[in-house]
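Residue numbers (full-length UniProt numbering): 1 to 329.
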């Protein structure tokens, strides 16, 4: 079964078997996972998380799904990564889907291209589970999703304000949500927000944006990148948005290294292809090996799962993208 984000949200309480969500929208991923976790907590369903960093990790996932602890009747497993099961693990997946009706496997992956979605893994999920596309391709879809976020904050926007907000953040829903939070806090006495309030609240803080940070990192300008990064922190930019921005650039660079002829298919704008090509000429592929782990550490620090300093780790990631290293060792 195929579902979009809004359809999936309505089916959270009946989720079972296997769900695979993929896309490039961190807001949609975050909201859907939060809804699932709230449901699991309310039903006292045990939750476990696995990072899929190699094909072998899938065996651990299916071993866990097939063995409950003494203290739980149901288990929900989150598997995060971009590595599909091999033939042996795919067999385990099919057995799980056929015989295990109690537990739930939620696989969280980045956006998949058309060819990848034709693979046996995704075909199996579509036929026997739920495939969720975390995308909002059209302005009306993005506005509908953000209207729900605005409703949570107790505010409404007129159509001109919606158009300005969507254009201001291009297609970045997480950034747009953070702006809704900012304008709600700034004009806490207003329920109806117009373009004047949005402009007054956001324009004076738009000296630098995450897009400026991306450009500076891709150009290898560490001093400017640090300056922009510190500005974003000082003006209250959400760490989750900064992490999303950095991880997007790292992922695109690694994908372009593997597929140098497919820049446009990977979603890189034609006018920006040269930035990525120059960055790849400057960066050593050996650097890529540590990026996934660094991003996981930042994510854990932001969520309070680890005691590491998220801002310091993010600064390391900024330096990595510039091709520099802040610390030895």
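Virtual Cβ for every residue (Gly too), placed ideally from N, Cα, C.
Exposed unless 16 or more other CB atoms sit within 10 angstroms - verdict on residue i
{"i": "residue 335", "result": "Not covered by the structure: residue 335. The range shown for the chain is 1 to 329."}
{"i": "residue 305", "result": "exposed"}
{"i": "residue 129", "result": "buried"}
{"i": "residue 260", "result": "exposed"}
{"i": "residue 236", "result": "exposed"}
{"i": "residue 303", "result": "exposed"}
{"i": "residue 95", "result": "exposed"}
{"i": "residue 249", "result": "buried"}
Pairwise C-alpha distance: residue j and residue i
{"i": "residue 320", "j": "residue 287", "result": "8 Å"}
{"i": "residue 88", "j": "residue 110", "result": "23 Å"}
{"i": "residue 63", "j": "residue 50", "result": "12 Å"}
{"i": "residue 150", "j": "residue 300", "result": "27 Å"}
{"i": "residue 70", "j": "residue 7", "result": "Model confidence at residue 70 stands at a pLDDT of 48, short of 50, so the residue's coordinates are unreliable; what they give is reported in the following sentence. When rounded, the distance between both Cα atoms is 34 Å."}
{"i": "residue 245", "j": "residue 213", "result": "9 Å"}
{"i": "residue 19", "j": "residue 223", "result": "43 Å"}
{"i": "residue 312", "j": "residue 155", "result": "35 Å"}
Beta-carbon proximity check, residue i vs residue j, cutoff 7 Å
{"i": "residue 74", "j": "residue 98", "result": "no"}
{"i": "residue 229", "j": "residue 318", "result": "yes"}
{"i": "residue 2", "j": "residue 131", "result": "yes"}
{"i": "residue 27", "j": "residue 173", "result": "yes"}
{"i": "residue 160", "j": "residue 125", "result": "no"}
{"i": "residue 134", "j": "residue 29", "result": "yes"}
{"i": "residue 239", "j": "residue 175", "result": "no"}
{"i": "residue 76", "j": "residue 52", "result": "no"}
{"i": "residue 184", "j": "residue 146", "result": "no"}
{"i": "residue 107", "j": "residue 86", "result": "no"}
{"i": "residue 39", "j": "residue 12", "result": "yes"}
Proximity winner among the options, relative to residue i (alpha-carbon distances)
{"i": "residue 273", "options": "253, 184, 91", "result": "253"}
{"i": "residue 113", "options": "223, 298, 263", "result": "263"}
{"i": "residue 158", "options": "250, 192, 138", "result": "192"}
{"i": "residue 92", "options": "241, 59, 247, 136", "result": "59"}
- Uninterrupted alpha helix (DSSP H) stretches inside the region 171 to 241 (no shorter than 4 residues): Entirely contained in the region 171 to 241, the alpha helix (DSSP H) runs reaching 4 residues are, in chain order, 173 to 186, 195 to 202, 210 to 218, 222 to 234.
- Go through the region 18 to 92 residue by residue and report every complete run of the beta strand (DSSP E) that reaches 3 residues or more, in order. Listed in chain order, the complete beta strand (DSSP E) runs (minimum 3 residues) inside the region 18 to 92 are 46 to 52, 75 to 81.
- Task: Any chance you could list the beta strand (DSSP E) runs of at least 3 consecutive residues sitting entirely within the region 124 to 158, in chain order?
- Result: Correct list: 130 to 134.
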